[in-house]
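Student: Can you keep this structure in mind? I'll have questions shortly.
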Amino acid sequence: MTVERTFSIVKPNAVAKNVIGAIYSRFEAAGLKIVAAKMVHLTREQAEGFYAEHKGRPFFDGLVDFMTSGPIMVQVLEGKDAVRRNREIMGATNPENALAGTLRADYADSLTENAAHGSDSLESAEREIAYFFANNEVCPRTR
Ligand code: RTP
Ligand code: MG
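In structure tokens, the structure reads:
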């Protein structure tokens, strides 16, 4: 299994719950390394661009309202099988279906306010990382 990078967001409801560190600890415990991170408060234009694949869906405006409702943490996670591993740590999109011990089981408030985002493929990860970080803001971790 090759080392991958994936893109992750601690969404506004989880930042508001003050669990950024708790969520980062889950990544680290699973062997994922944080190789870039920052706090941002998205504009509507930024949120709409990030979620462009969902434009036109009934939940789109509510999703943009939520994602612009407060600051988020954006980070790049590096490790073996990082895309799939991060999705496992997050749990199912709908917290009602999320396994016990996953981020969404523990920190989601609803289907929309579901605490975390993680890229769904390597292709998405590459696009999403580039949406938020310049190349020189992602730091290779050799140890
Ligand atoms: P994400 O992109 O945030 O990691 O979540 P995901 O892949 O598990 O789910 P996706 O289908 O990409 O949906 C993106 C986000 O939109 C919100 N959503 N709301 N009300 C609804 O029916 C609905 N469906 C999706 C969630 O916040 C979801 O994470
Ligand atoms: Mg998605």
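Sequential numbering from -5 applies to the sequence shown in the numbering used here. Even for Gly, the Cβ is constructed at its ideal location relative to N, Cα and C.
Suppose only complete runs of 4+ residues qualify. What are the alpha helix (DSSP H) ranges in the stretch -1 to 41, listed by chain order?
Tutor: Correct list: 6 to 10, 14 to 23.
Student: Of the choices Ile28, Leu26, Leu57, Gly50, whose alpha-carbon is the least far from that of Ala41?
Tutor: If we check each option's Cα against that of Ala41, Leu57 comes out closest.
Student: Report whether the distance from the Cβ of Phe53 to the nearest heavy atom of the ligand RTP is below 7 angstroms.
Tutor: Because some heavy atom of the ligand RTP lies under 7 angstroms away, the Cβ of Phe53 counts as near it: yes.
Student: Distance, Cα to Cα, Ile17 vs Gly43?
Tutor: One C-alpha to the other measures close to 25 angstroms.
Student: Which of helix, strand or coil does DSSP assign to Leu57?
Tutor: DSSP places Leu57 in helix when its eight states are reduced to three.
Student: Would you identify the three-state DSSP class for Leu71, choosing helix, strand or coil?
Tutor: Correct three-state label for Leu71: strand.
Student: Identify the continuous alpha helix (DSSP H) that holds Ala110 and give its terminal residues.
Tutor: That residue, Ala110, is in no alpha helix (DSSP H); its beta strand (DSSP E) goes 110 to 112.
Student: Give a single yes or no on whether Asp114 has its beta carbon closer than 7 angstroms to a heavy atom of the ligand MG.
Tutor: Yes, Cβ of Asp114 sits closer than 7 angstroms to a heavy atom of the ligand MG.
Student: Which of the three DSSP states, helix, strand or coil, is assigned to Val(-3)?
Tutor: Residue state, collapsed to three classes: strand.
Student: According to the neighbour-count rule (16 or more other Cβ atoms, all chains shown, within 10 Å of its Cβ), is Thr0 buried or exposed?
Tutor: Thr0 should be labelled buried.
Student: Take Ala31 as the anchor and find which of Val(-3), Arg38, Val70, Arg81 has the nearest alpha-carbon.
Tutor: The residue with the shortest Cα to Cα distance from Ala31 is Val70.
Student: Measuring alpha carbon to alpha carbon, tell me which of Arg81, Thr37, Met84 ends up nearest Phe60.
Tutor: Answer by Cα proximity: Thr37.
Student: From Tyr101, Gly73, Pro89, pick the residue whose C-alpha is nearest to that of Lys27; which is it?
Tutor: Looking at the Cα atoms, Gly73 is the closest of the given residues.
Student: In whole angstroms, what separates the C-alpha of Ala102 from that of Gly15?
Tutor: C-alpha separation (whole angstroms): 16 angstroms.
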